[in-house]
Amino acid sequence: MNSEVEEIKSRLNIVDVLSEYIHLEKAGANWRAICPFHHEKTPSFMVNEEKQIWHCFGCGKGGDIFSFVMEMEGLEFREALKMLAEKAGVKIKNYNPQKFKKKNRILEILELATKFWEIQLWKGMGKDKILDYLHQRGLQDETIKKFRLGYAPSGWRNMLKFLVKRGYKLEEIAKTGLLVNKGNMTLQDNQISQAYDRFRNRIIFPMAECAGRVVGFSARIAPGGDESQAKYINTPETEVYHKSRILYGMDKAKSEIKQKNWLLLVEGNMDVIATSQAGIENVVAVSGTALTEEQIGIIKRYTRHLKMFFDMDKAGEIATKKSVKICLAKEMNVQIVILPFGKDAAEIAKDNPDKLKEAVKKSLNVMEYFFQRVFKKFDKNKVEDKEKIAEELLDIIADLENAVEKEYWLKKLSEKLEISQTALADSLKKLKLEKRIKKDKDFD
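Take any residue in the sequence shown, note its place counting from 1, add 1, and you have its number in this note's numbering.
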């Protein structure tokens, strides 16, 4: 194995590998960047191209290309070895996926399931009705293949029979989230009557981690399906799938995000696919929930500039505000995309791609957005409404980490409300104290 490691190192330049994840700038004989592993304002992450090593003087982490990829992608050494070997064109001797740890076995089953459903869409039971539906939604064949959409046909055990026939045990399949265990019985002896397929008569959206490996699925009810069922269901939490850490489409978008240095965040899977097809490829989705701190950590590997485009219904507004507050606390640069006619990203991407691009280009600074919405909602000439305006906007200003930015918006709020900046600053201090106390209680 040592010879394989050395051969990979000799073929791959550390600067090229790390540049796929972070923005490196020349600094004398070395390269430097903002560290992706801890929060910092001044670059302390250094790369020595001659020695092919990296080190962060802020958090103390360091190593070679293997340790970096392991840290960034959340991989074990063997997984990073395989990934970098493929990139370098190096063959790993005695590579046998069957002997890998259970995590690799899970990933192997998930990849096989993805291929099974792809075949069902293109050549099986979904090739007419389901494919026609996707075409009607405006998706081209190339796009459908790019995102590896599939179809899980009706029937209780299509996937189970397929996997068991190929030698996988029920106990193994259960760890992937692909089956439902009837009555929580002990799964043994491959008695498939003990379980059934989780995904039936549904359009399948594979969910991949940043490296591109499928870790779970989101499944939409097929047209003409049982409307009493949930429109979307997802893989439950497993050893490899954690919803709070997945951004749909990130594996496809990361290079474009890094190149453009901004990301478009949308609400759902179809929004990502349609927007990408329309020509905005640096797009990912949170899949219907507000952003998590883990997801922001992933985004910050590639950019600190974020444009949000959520539905403008009540749920979308709540998700937007929650996501914004987390982003501001992490010193992200946030803008909001607004469409005056209320369509979601997928609809406008299909009907008028140029309008979508124009709206994204004209996105508003996040504070401008909230100022406009709040002042439109209340009458600033009424005392009780002044209080409501101040309360809503101070709640967001409190999350700004940059002191200059915070001072600017506090001054603007003071001018628009015709209330002294000192009074607003006092209210802000009180609000921040209340938040800190609540946070401490939540922690306890």
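Cβ coordinates follow ideal geometry from the N, Cα and C atoms, glycine included.
Note that this is a predicted model, so its numbers are computed, not measured.
DSSP places M208 outside any alpha helix (DSSP H); the residue lies instead in the beta strand (DSSP E), whose first and last residues are R203 to A209. Sequence-distant partners of I23 (beyond 5 residues in either direction) whose C-beta falls short of 6 Å from its own C-beta, in its chain, are A34 and P37. Taking 3 residues as the shortest admissible run, the segment 216-255 contains the following complete beta strand (DSSP E) segments, listed from N- to C-terminal end: 233-235.
Rounded to whole angstroms, the gap between the alpha carbons of I299 and I319 is 22 Å. Contact annotation: N235 and S219 have beta-carbon atoms nearer than 8 Å.
Around the beta carbon of N403, fewer than 16 other beta carbons sit within 10 angstroms, so the residue counts as exposed. For secondary structure counted as the beta strand (DSSP E) over 3 or more consecutive residues, the segment 307-353 holds these complete runs in sequence order: 334-337. Closest in C-alpha terms to K331, from the list I204, K42 and P354, comes K42. Contact check for V273 and Y242: beta-carbon distance about 18 Å, past the 8 Å limit, so the pair fails to qualify. Within 10 angstroms of the beta-carbon of A316 lie fewer than 16 other beta-carbons, which makes it exposed. Put simply, of G139, L113, E109 and L150 the residue whose alpha carbon is nearest the alpha carbon of K128 is L150. In this structure, the alpha-carbon of K413 lies about 52 Å from that of L108.
Taking all protein chains in view, the Cβ of Q137 is surrounded by fewer than 16 other Cβ atoms within 10 Å, so the residue is classified as exposed. Contact annotation: the segment 158-170 touches the segment 111-121, with at least three C-beta pairs closer than 8 Å. In the DSSP assignment, Y370 falls within the unbroken alpha helix (DSSP H) covering V367 to K378.
Counting the other Cβ atoms within 10 Å of the Cβ of K52 gives fewer than 16, which makes it exposed.
The beta-carbon separation of V287 and T276, rounded to 14 Å, does not stay under the 8 Å limit for a contact. In this structure I247 is in contact with M208, their Cβ atoms being roughly 5 Å apart against a cut-off of 8 Å. For M84 against F78, the beta-carbon gap comes to about 11 Å, at or over 8 Å, which does not count as contact.
Residue state for I54 is assigned as strand, using DSSP reduced to three classes.
Within the segment 99-168, the complete beta strand (DSSP E) segments of 3 residues or longer fall at 151-153, listed in chain order. Between M73 and R214, the gap from beta carbon to beta carbon reaches 8 Å or more.
Looking only at S68, K377 and K431, the smallest Cα-Cα distance to L418 is reached by K377. DSSP places A286 within a strand segment (E or B) once states are collapsed to three.
W410 carries a helical assignment under DSSP once its states are collapsed to helix, strand and coil. One Cα belongs to G75, the other to K387, and the distance between them is close to 48 Å. Contact between the segment 356-372 and the segment 392-406 is established, with three or more Cβ pairs separated by less than 8 Å. Counting other Cβ atoms within 10 Å of its Cβ, L434 stays below 16 and is therefore classed as exposed.
The straight-line gap separating the alpha-carbon atoms of D314 and L82 is approximately 46 Å. Taking the Cα positions, D427 is about 15 Å away from W410. Note on geometry: alpha-carbon atoms of D355 and A196 lie some 48 Å from one another. Ranking K104, G90, I93 and E7 by CA distance to the CA of I66 puts E7 first.
Cβ contact annotation for D198 (same chain, cutoff 8 Å, sequence separation greater than five): A153, G156, W157, R158, N159, M160, L161, L179, L180 and V181, in chain order. Boundaries of the alpha helix (DSSP H) harbouring L394: V384 to I398, taken from the DSSP string. K27 is bridged by DSSP to W32. Nearest neighbour of F148 by Cα position, chosen from W55, I205 and A114, turns out to be I205.
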